[in-house]
Structures are given as structure tokens and as C-alpha cells.
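If you're matching positions, the sequence shown starts at 43 in this note's numbering and goes up one per residue.
For glycine and all other residues, C-beta sits at the position ideal for the given N, C-alpha and C.
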Amino acid sequence: MKANVIMHVLFDVRKNKYLYMMLLPLIAYYLLFHYQPMYGAIIAFKDFSPRLGIIGSPWSGLGHFVDFFQGAYFWRTIRNTFMISFYDLIFGFPAPIILALLLNEVKAQLFKRTVQTITYLPHFISLVVICGMIKDFTSSSGVINDIIAFFGGERISLLLEPSLFRTIYVSTDIWQSIGWGTIIYLAALTGIDQEQYEAAKIDGAGRWKQMMHITIPGIMPTIMVLLILNLGRMMNLGFEKIILLYNPGVYETADVISSYVYRVGLQDFNYSFSSAVGLFNSAIGFILVISSNWISRKHNDTSLW
């Protein structure tokens, strides 16, 4: 059986050799930049010294993991990572779905394209520029404080308030990604059989019932796949935006695992400890992907594999 499969694969490769050659750059990219660096994860179990190298450095076992679990920042980074990711999932994930459903109901093409263009734009702006804009908007002399002052409020620097950091992070994340996120859902909406809508209209179903019973079920497989991917990325909260926005005054609510890894690894040069924390972070993300994929396959017959 295995011999037949191998023969079939070899025949297919020989038959479509030029198509397979197009895969080589992609395979090389993953080997060089994704699989080859995995070798460096060994230093999480060693007391790494640049002078001795990865092989020559002494083993430390699970010591760095234990140090992290017993450290003062363990619960703070775990809590902040989950809280920001959870808020992003609750408010950020449905946002492009809602926008796509609303745009799908709009018949005026000019208005629809204008809204799409305006909501796409923030995605193409550099994250550094976006964070600069957020700092300007939220400063004590920014436009948000101008509005607060207009209604009689007191001017404050919003990014210096620990209680507001998560709100600012999640709301600006929605603003930056909502337009780009609608592309996939709008593409999924075009794949729904239009005869279902015609049949629903004949049966007297209004726009709301059509959306609830045809549109949303039609894009549900796409929603579930993207939900699984988002769950898998919960622990991999991007450290770039956090680092660009936070300051020591808001570490209590803003410091996440990835920003902690950055500070410990690149600023304190504690490579082994930061690798152990990063490896733990990746392991949790892997478990989340496996679990969410299993739950989705069991209850919704939709899964990544």
C-alpha cells in the first residue's frame, strides 16, 4: 500500500515537475526562517553563554521554567495576556463580521466602496505611525481630551492610566483591522447560493430572517476556521504595539508575556530565561489550537484538519 502511494507521488512529481519547482522557494522559506530556528529553543534548557555556544553551554534542565512560574511577574503577564486577548476576541473578532454583514445589505455601490476604502486604509499604515497617532490622540492636548474638555471633563494623559490601557489597545486594534478583516467574509458571502434568497423571499422571509437563516449559516465555516486561528494566537499577542504604547507606569495592566520576553531577553541579555518563557507561551498556544479545533470538529463539523 505504501509502495503504491510512493509510486503515485513520484509519478505526480515527474508529471508536474514545474509546478512542484514553484514550491521550492516557499519550502526554503519555511525551512530557513521557521524550522531551522527551532534548534535555538534548546537554550531554554541550558545556561546559555555566547562564548560557549549552544552546544557548549551547560544544561540547566527545567530551572528557567521553574524560575518563571515562581517569579513575581508570572501571574501579571499571564493575566494581562489573557485579558487583552480575551477582550480582543470578544470585541475585535465579531467586528469585521458585523461590518461585512452590513455592507452586504447595502445596495448603493458608491457608498459601499467608500466605506470599504476608508476602513481598509488603517491596515496599510505602518504600526509605528499608528502608535504615534494613538499617542497624539490620547495625549493631554490630543483630540480625545479636547472632546472631554468640551463637555467639562478634566484633561488627562490617557496612556498613563493603567485602567485605560486595555481599552485603548483593543479599540485601536479594531479600528486598524476591521476593514481588512471584512475581505474574507465578503468573499465568503459571494459564495452563498442566491437561489436560497429567492426561495426565502417567496416564503415571505424579510431581510433579518434571510440574514439569520441563510447568510450567517453560509459563512459559518469561515467564521469557525478564523475563530480557531484567533484562539491559537491568543498567547502570541503582538509585542510590537504593546512596547510602542506602554510605559513603566502601566506595566500592571499592559505587560504581556511577549513584552516580558523582549525585556528579559534583549534588554537584560538573559537569553535562556526568555527562551523558556517564549517556549511556554508557544506550548500554550499549541494546546489552544488543538483544543479549539477538536471542539469545532466535534460540535460544528468544521475544523482545520
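Strand pairing of W349, partner residues [DSSP]: Here the chain covers residues 43 to 347 and nothing more, so residue 349 does not appear.
Rounded Cβ spacing between T180 and V298 (contact assumed at less than 8 Å): No, T180 and V298 are not in contact; Cβ-Cβ is about 19 Å, not under 8 Å.
Member of I84, F111, L74 whose CA lies at the smallest distance from the CA of P100: Between P100 and the set I84, F111, L74, the nearest pair of CA atoms involves I84.
CA nearest to the CA of I97, picked from G105, L287, F87: Looking from the CA of I97, the closest CA among G105, L287, F87 belongs to F87.
Residue of S199, Y227, I256, T232 minimising C-alpha distance to Y239: Restricting attention to S199, Y227, I256, T232, the CA atom closest to the CA of Y239 is found in I256.
Selection from T161, R339, I284 that minimises the alpha carbon distance to W217: Of T161, R339, I284, the smallest CA-CA separation from W217 is found for T161.
Anticipated Cβ contact below 8 Å, V303 with G320, distance rounded: Contact annotation, V303 with G320: C-beta distance approximately 5 Å; criterion of less than 8 Å satisfied.
Option in L66, L287, G248 with minimal Cα separation from V171: With distances taken between Cα atoms, V171 lies closest to L287.
Continuous alpha helix (DSSP H) stretch holding A229: start and end: Per DSSP, the unbroken alpha helix (DSSP H) holding A229 starts and ends at 204-232.
Rounded distance between the beta-carbons of S300 and M268, thought under 8 Å: Note that residue 268 is Leu in the sequence shown here, rather than Met. The beta-carbon distance between L268 and S300, rounded to whole angstroms, is 21 Å. This is too long to meet the 8 Å contact definition.
Proximity of I261 and I139 at Cβ, strictly below 9 Å: Yes; because the gap between Cβ atoms is below 9 Å, this pair is in contact.
Cβ-based neighbour list, Y306, same chain, cut-off 6 Å, excluding 5 preceding and 5 following: The sequence shown places Val at residue 306, rather than the Tyr named in the question. Within the same chain, V306 has close Cβ partners N312, F315, S316.
Where F135 falls: helix, strand or coil (DSSP): Coil.
Integer Cβ distance of V51 from G134, believed to fall under 8 Å: Actually they are not in contact, since the Cβ atoms of V51 and G134 sit about 42 Å apart, beyond 8 Å.
H76, buried or exposed, once every other Cβ within 10 Å from all chains shown has been counted against 16: Classification of H76: exposed, given that the 10 Å Cβ count is below 16.
Check whether P204 and A296 have beta carbons under 9 Å apart: Result yes, Cβ atoms of P204 and A296 sit closer than 9 Å.
Distance, W222 Cα to I265 Cα: When rounded, the separation of the alpha-carbon atoms in I265 and W222 is 15 Å.
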